[in-house]
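In what follows, a single structure is set out as structure tokens and then discussed.
Numbering (my numbering), first residue to last: 27 to 276.
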């Protein structure tokens with residue numbers, strides 16, 4: 027049995043905020059460029075059937091999380107995590123970090139190192155495929171880090187997290203929170219976990235660059251995979267909605 031959580035983030039569309047008393051048609055006439063002619067997507071070709079790799083537990087493996095200093099108002103710590111090798115032979119570490127500070131966090135960086143018994147670094151992963159742009163105080167953000175050229179065995183796992191306080195005034199693009207996942211549903215078949223749903227803009231601004239992060243948990247509440255996608259429509263007006271879909275071989 028698996029269950030999922032959808033996390034959303036987006037940005038305000040530049041030049042598309044409607045003034046009071048201004049009709050939608052007037053706003054579009056002054057600020058919008060007509061949409062290009064629709065070109066149908068090519069016919070979807072299913073992924074090959076996924077064959078899970080056996081779970082590998084390295085000898086005496088242990089994690090060494092390094093929380094961000096609390097003096098900054100941001101304190102990021104690693105919560106649950108795991109690792110797996112996918113059908114293409116790539117290793118990923120997936121999990122969640124918690125912001126235990128009293129300020130929202132941005133520029134969250136996560137570095138994973140695999141060490142031998144003497145503490146020498148055997149492999150490193152430092153790019154998070156699935157993090158939130160802004161992690162609220164008391165909130166959490168998933169991570170999915172690819173490990174390049176990983177060894178067959180290692181003795182220790184070290185996960186280091188760093189972040190900075192969120193300065194709304196200094197942020198280049200206004201971050202948009204008024205998005206809601208509606209009717210999300212996950213199905214598991216032939217080794218593929220598919221997440222279908224709709225995203226609704228519940229606010230009064232136009233949103234774009236919307237990012238959807240699907241976190242898949244096992245029955246014990248542990249993260250087993252993280253997937254990212256975008257809604258079919260890349261711009262949502264107030265009250266607008268769009269379907270979304272993502273797949274995970276988990």
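Ideal placement from N, C-alpha and C gives every residue a C-beta, glycine not left out.
Do you know offhand how far residue i's Cα is from residue j's?
| i | j | result |
| --- | --- | --- |
| residue 268 | residue 262 | 8 Å |
| residue 234 | residue 178 | 42 Å |
| residue 77 | residue 217 | Because the pLDDT at residue 77 is just 41, under 50, the model does not fix this residue reliably, and the value given afterwards should be weighed accordingly. Taking the straight line joining both Cα atoms gives about 7 Å. |
| residue 204 | residue 229 | 5 Å |
| residue 264 | residue 160 | 22 Å |
| residue 199 | residue 232 | 13 Å |
| residue 242 | residue 219 | 9 Å |
| residue 188 | residue 259 | 33 Å |
| residue 266 | residue 246 | 36 Å |
| residue 106 | residue 244 | 12 Å |
| residue 273 | residue 254 | 9 Å |
| residue 191 | residue 123 | 15 Å |
| residue 162 | residue 201 | 12 Å |
| residue 194 | residue 238 | 22 Å |
| residue 221 | residue 99 | 35 Å |
With residue i as the anchor, note down where its beta strand (DSSP E) starts and where it stops.
| i | result |
| --- | --- |
| residue 162 | That residue, residue 162, is in no beta strand (DSSP E); it is neither H nor E in DSSP. |
| residue 125 | 117-125 |
| residue 222 | 218-227 |
| residue 183 | 182-191 |
| residue 237 | 233-243 |
| residue 141 | 131-141 |
| residue 265 | Careful: residue 265 lies outside any beta strand (DSSP E) and carries neither H nor E. |
| residue 105 | 102-111 |
| residue 213 | 205-215 |
| residue 149 | 147-151 |
| residue 260 | Run containing residue 260: none; DSSP gives neither H nor E here. |
Residues in its own chain within less than 6 Å of residue i by CB, not counting five upstream and five downstream?
| i | result |
| --- | --- |
| residue 257 | 225, 236, 268, 270 |
| residue 223 | 207, 209, 210, 270 |
| residue 173 | 117, 149, 151 |
| residue 157 | 134, 167, 169 |
| residue 137 | 152, 186 |
| residue 196 | none |
| residue 155 | 170 |
Leaving out five residues before and five after residue i in sequence, what residues of the same chain have Cβ atoms less than 7 Å from its Cβ?
| i | result |
| --- | --- |
| residue 126 | 101, 103 |
| residue 176 | 117, 140, 149 |
| residue 165 | 125 |
| residue 147 | 139, 141 |
Given that a residue counts as buried once 16 or more other Cβ atoms are within 10 Å of its Cβ, and exposed if not, what is residue i?
| i | result |
| --- | --- |
| residue 227 | buried |
| residue 240 | buried |
| residue 252 | buried |
| residue 214 | exposed |
| residue 171 | buried |
Which residues in the same chain as residue i place their Cβ atom closer than 8 Å to its Cβ, once the five residues preceding and following it in sequence are excluded?
| i | result |
| --- | --- |
| residue 108 | 119, 120, 121, 248, 249, 250 |
>> If contact is defined by three or more beta carbon pairs under 8 Å, each pair taking one atom from either stretch, is the segment 178-190 in contact with the segment 140-149?
In response: yes
>> When you compare the segment 126-133 with the segment 104-118, are there three or more beta-carbon pairs, one atom per stretch, that lie closer than 8 Å?
In response: no
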